[in-house]
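Heads up: the sequence shown begins at 10 in our numbering, then just goes up one per residue. This report refers to the structure that appears directly beneath it.
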Amino acid sequence: MGRWQDGTAELAVPGRDAPVPVEIAASYRARTRGLLGRDGIDGAIMLTPGSSVHTFRMRFAIDVAYLDRELRVLDVVTMRPGRLGTIRFRSRHVLEAEAGAMARWGLRPGVRLGIAPRAVL
């Protein structure tokens with residue numbers, strides 16, 4: 010996918026039948042806002058570009074997946090509110106979801122994800 014733009018898409022996880030709804034936060038404003046001020050999220054949000062996150066002023070714990078250029082998972086961590094994440098230098102995108110969601114989806118290091126525009130019904 011060339012240049013990323015703010016919007017919605019579907020995340021394809023190998024071994025999972027249903028795609029996961031994902032918000033794309035590519036602009037500075039959308040990345041800065043991220044999940045701040047929300048009580049939860051249905052699906053995930055992808056911050057791009059990104060190599061680190063924080064959970065200051067967040068209301069809930071999150072799972073964070075660091076992705077490389079090919080959308081391959083480099084690492085998955087769970088972060089409680091009020092934490093500063095470690096910079097992952099090879100990371101180009103950061104995927105965030107509610108704590109526990111990524112384990113249910115089968116995300117782990119080495120898995121390559123796919124992202125497609127969300128189908129309109």
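Idealized CB from N, CA, C, for every residue including glycine.
- Just measuring C-alpha positions, the residue of Thr17, Arg89 and Asp84 sitting nearest isoleucine 96 is Asp84.
- The shortest C-alpha to C-alpha distance from leucine 76 to any of Ala108, Pro30, Ser60 and Arg12 is the one to Ser60.
- In this structure, Gly43 is the residue among Gly43, Pro58, Phe98 and Thr57 with its C-alpha nearest to the C-alpha of isoleucine 71.
- Excluding the 5 residues flanking it on each side, aspartate 51 has same chain C-beta neighbours closer than 8 Å at Pro30, in chain order.
- Between leucine 122 and valine 22, the CB-CB gap stays under 8 Å.
- Between glycine 115 and glycine 24, the gap from beta carbon to beta carbon is short of 8 Å.
- Secondary structure of alanine 125 (DSSP, three-state): strand.
- In this structure, DSSP gives alanine 18 an extended state, which the three-state scheme calls strand.
- The continuous alpha helix (DSSP H) containing alanine 110 extends over residues 110-114.
- Going by C-alpha positions, glycine 46 is about 7 Å away from methionine 67.
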